[in-house]
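Participant: Got a structure for you, questions after.
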Amino acid sequence: MPSPRKEDTNSNELDGGSDSERENEDLAMLKIVLRKLSVNDQTLLHRHVSHIPDALHMLWRLQHPRLNFDLMQRKLHGSDLELFLQEMITDIPSIKFRSENLQDELNILERANIGRLLHVKCCIITWEKSASKQNTKFPHWPFLALPKLMSNLTDLDVYCPVQDCFIDQFGKLEALKIAEEISKPAMEAIYLSGAPLKCLNLSGSHTYPMCCISYCKQLSNLFVNLDTFLAGQNEILKLPKLTELKITEIRENKDTTKALANVVQTKANELVGIQINCIFEDHVKCLSELALNRCMNLTELQLSNCIFAYQDMAKLCLPTVITFARFSNCPDLTDEQLLDFIKANAQMEELLLDQCPELTEDLLHGVLKVRSSGNKQVHLLLRIAKSPNLWDTYQQNLKYWTRKQSILKMESLESSVSEDIVMHFDLAKENENL
Numbered sequence: 001m002p003s004p005r006k007e008d009t010n011s012n013e014l015d016g017g018s019d020s021e022r023e024n025e026d027l028a029m030l031k032i033v034l035r036k037l038s039v040n041d042q043t044l045l046h047r048h049v050s051h052i053p054d055a056l057h058m059l060w061r062l063q064h065p066r067l068n069f070d071l072m073q074r075k076l077h078g079s080d081l082e083l084f085l086q087e088m089i090t091d092i093p094s095i096k097f098r099s100e101n102l103q104d105e106l107n108i109l110e111r112a113n114i115g116r117l118l119h120v121k122c123c124i125i126t127w128e129k130s131a132s133k134q135n136t137k138f139p140h141w142p143f144l145a146l147p148k149l150m151s152n153l154t155d156l157d158v159y160c161p162v163q164d165c166f167i168d169q170f171g172k173l174e175a176l177k178i179a180e181e182i183s184k185p186a187m188e189a190i191y192l193s194g195a196p197l198k199c200l201n202l203s204g205s206h207t208y209p210m211c212c213i214s215y216c217k218q219l220s221n222l223f224v225n226l227d228t229f230l231a232g233q234n235e236i237l238k239l240p241k242l243t244e245l246k247i248t249e250i251r252e253n254k255d256t257t258k259a260l261a262n263v264v265q266t267k268a269n270e271l272v273g274i275q276i277n278c279i280f281e282d283h284v285k286c287l288s289e290l291a292l293n294r295c296m297n298l299t300e301l302q303l304s305n306c307i308f309a310y311q312d313m314a315k316l317c318l319p320t321v322i323t324f325a326r327f328s329n330c331p332d333l334t335d336e337q338l339l340d341f342i343k344a345n346a347q348m349e350e351l352l353l354d355q356c357p358e359l360t361e362d363l364l365h366g367v368l369k370v371r372s373s374g375n376k377q378v379h380l381l382l383r384i385a386k387s388p389n390l391w392d393t394y395q396q397n398l399k400y401w402t403r404k405q406s407i408l409k410m411e412s413l414e415s416s417v418s419e420d421i422v423m424h425f426d427l428a429k430e431n432e433n434l
């Protein structure tokens, strides 16, 4: 067995040999790169060799606005990766970690002597959800190091399950997205953290804890699924600065109408825009019970997947101060019903019709008649998608309708049907009524 001293000597010799071999390899690689350049480019590099590091720094900053460890580890290794990180660390505003490799990625930063990411404002934490790794467990303790590492973080997207309290330690956090399950203690710690959270997106299919969310005094945008909304509606309505509430995963549920009616009643003066996917209950009954006509500042209305069942529009208690409206996938909406709606909303400036097959040319002539009468004419922009009777008629009589553009103008529209419920609130409107 060789002595320790001899081992050290051999080790040093090997290390020296490794360094020399590495230098030779780097030089050979550099020659290969330079051969790909023209003589003009080679002389340019030679003339400005002192500026090459700065030029590369600018190039990397443009090519890599976000540090993606998965991508960079496939391109760079060892000291090359460490050099890249050291050069870029003050210019990278965004970073992407992998939850299942988080400790390895933190180790890479440590080897590069990077203890803080003070310039990072945005962070994404991904989770491998392929079929083979769906239930793969990963250590959660490395997450506890992230708040100190990124103390100036303002925007965080988490796509993995969250068990431990660490998100609440980001003292400057303004926007948070959680796509998987989160423990109740971790969620409540976020609510009570005092962070200036303005946007919270709970996009997963889980029922998220809502207790204490009213402590988020700056929260203005909240995105939750239907079950979360139904379970936490009372806490949600206590949010003092809520301006947008988006409810996803809408399905048939008898409690939805009652819960929405509660929001409308509580925030009737503040509600300025509403988008409703009407699939959750009897459509006509739902609209009547919401009684949107009590919302005197409601100027935007969007209804999708709605069956009107030839009901008198006046009985649906719809608002009468609308300036923008959209009807999407309303298969039985008739000319007469829509014309009644237009008459009731004399100040409406834009109307979008998407997948409303029962509408015909009679609607257009009716609009002309209604909007031409009276002393004040309000121009109406009518945008149409997948409503063939209406659009084909317009195209066939294009010259005629062109002459009427001062009253009624028509445009084509890309078809898209919303599956969510979205409410917009204007807090100033409530103050006007105090």
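With full-length UniProt numbering applied, the sequence shown closes on residue 434, and no number is skipped along the way.
Backbone N, C-alpha and C define an ideal beta-carbon position, used for all residues, glycine too.
In whole angstroms, what separates the C-alpha of residue 2 from that of residue 23?
Facilitator: Unreliable placement is indicated for residue 2, whose pLDDT of 42 sits below 50; the coordinate value is still reported in the next sentence. Going by the C-alpha atoms only, they are around 30 Å apart.
Participant: Can you give me the Cβ contacts of residue 128 inside the same chain, cut-off strictly under 6 Å, excluding the 5 residues immediately before and after it?
Facilitator: So the qualifying residues of the chain are 100.
Participant: Taking the C-alpha atoms as reference points, what is the distance between residue 502 and residue 403?
Facilitator: Residue 502 lies beyond the residue range present for the chain, which begins at 1 and ends at 434; the question has no answer from this structure.
Participant: Let me check understanding here. Comparing Cα to Cα, which of 29, 369, 306 and 323 lies closest to residue 418?
Facilitator: Residue 306 is the option with its Cα nearest to residue 418.
Participant: Kindly indicate which residue of 92, 216 and 185 has the alpha-carbon position closest to the one of residue 209.
Facilitator: That would be 185, whose Cα lies nearest to the Cα of residue 209.
Participant: Which parts of the stretch 279-328 are runs of the alpha helix (DSSP H), unbroken and 4 residues or longer, counting only runs that do not cross its ends?
Facilitator: Complete alpha helix (DSSP H) runs here, min 4: 283-290.
Participant: Could you tell me the distance, in whole angstroms, from the CA atom of residue 156 to the CA atom of residue 399?
Facilitator: In a straight line, the C-alpha of residue 156 is about 53 Å away from that of residue 399.
Participant: Since residue 139 and residue 106 should fall inside the 8 Å C-beta cutoff, what is the C-beta to C-beta distance between them, to a whole number of angstroms?
Facilitator: With a Cβ gap of about 11 Å, residue 139 and residue 106 do not count as contacting.
Participant: Look at residue 239 and residue 226 and say whether their C-beta atoms are less than 8 Å apart.
Facilitator: No, they are not a contact pair.
Participant: Hey, which unbroken runs of the alpha helix (DSSP H) at 4 residues or more fall wholly within the stretch 79-144?
Facilitator: If we require 4 residues or more, the alpha helix (DSSP H) runs fully inside the stretch 79-144 come out as 102-111.
Participant: Find out if the Cβ-Cβ distance for the pair residue 223, residue 256 is shorter than 8 Å.
Facilitator: Not a contact, by the Cβ cut-off of 8 Å.
Participant: Going by DSSP, name the residue or residues bridged to residue 422.
Facilitator: In the DSSP output, where bridge partners are listed per residue, residue 422 has 246 and 275.
Participant: To the nearest whole angstrom, what separates the beta carbons of residue 241 and residue 427, a pair I think is in contact under 8 Å?
Facilitator: Right, the Cβ-Cβ distance comes to about 7 Å (below 8 Å), so this counts as a contact.
Participant: Does residue 251 pass the burial test, meaning 16 or more other C-beta atoms within 10 Å, or should it be called exposed?
Facilitator: Residue 251 should be labelled exposed.
Participant: Note down the Cα distance separating residue 264 from residue 324, rounded to an integer number of angstroms.
Facilitator: When rounded, the distance between both Cα atoms is 19 Å.
Participant: How many Å lie between residue 114 and residue 87 at the Cα?
Facilitator: Those two C-alpha atoms are separated by around 11 Å.
Participant: Would residue 198 and residue 179 qualify as a contact pair, given that the criterion is a beta-carbon distance under 8 Å?
Facilitator: No, the Cβ-Cβ distance between residue 198 and residue 179 is not below 8 Å.
Participant: Under DSSP, the alpha helix (DSSP H) around residue 236 begins and ends at which residues?
Facilitator: Segment 226-236, the alpha helix (DSSP H) holding residue 236.
Participant: Within a Cβ cutoff of 8 Å, which residues of the same chain sit near residue 321, ignoring the five residues on either side of it in sequence?
Facilitator: Cβ within range, chain order: 296, 297, 298, 299, 345 and 347.
Participant: How many whole angstroms separate the CB atoms of residue 152 and residue 118, which I take to be in contact at a CB cut-off of 8 Å?
Facilitator: Contact holds; Cβ gap of about 6 Å.
Participant: Residue range of the alpha helix (DSSP H) that residue 364 falls in?
Facilitator: Start and end: 361-372.
Participant: Beta-carbon within less than 6 Å of residue 330's beta-carbon, same chain only, minus the 5 sequence neighbours each way: which residues are those?
Facilitator: Cβ neighbours of residue 330 beyond the five flanking positions: 306 and 356.
Participant: With a threshold of 16 other CB atoms inside 10 Å of the CB of residue 173, please say whether the residue is buried or exposed.
Facilitator: Result: buried.
Participant: Taking the DSSP output, what are the residues bridged to residue 409?
Facilitator: Paired residues: 381.
Participant: For residue 162, name the three-state secondary structure that DSSP assigns.
Facilitator: Residue state, collapsed to three classes: strand.
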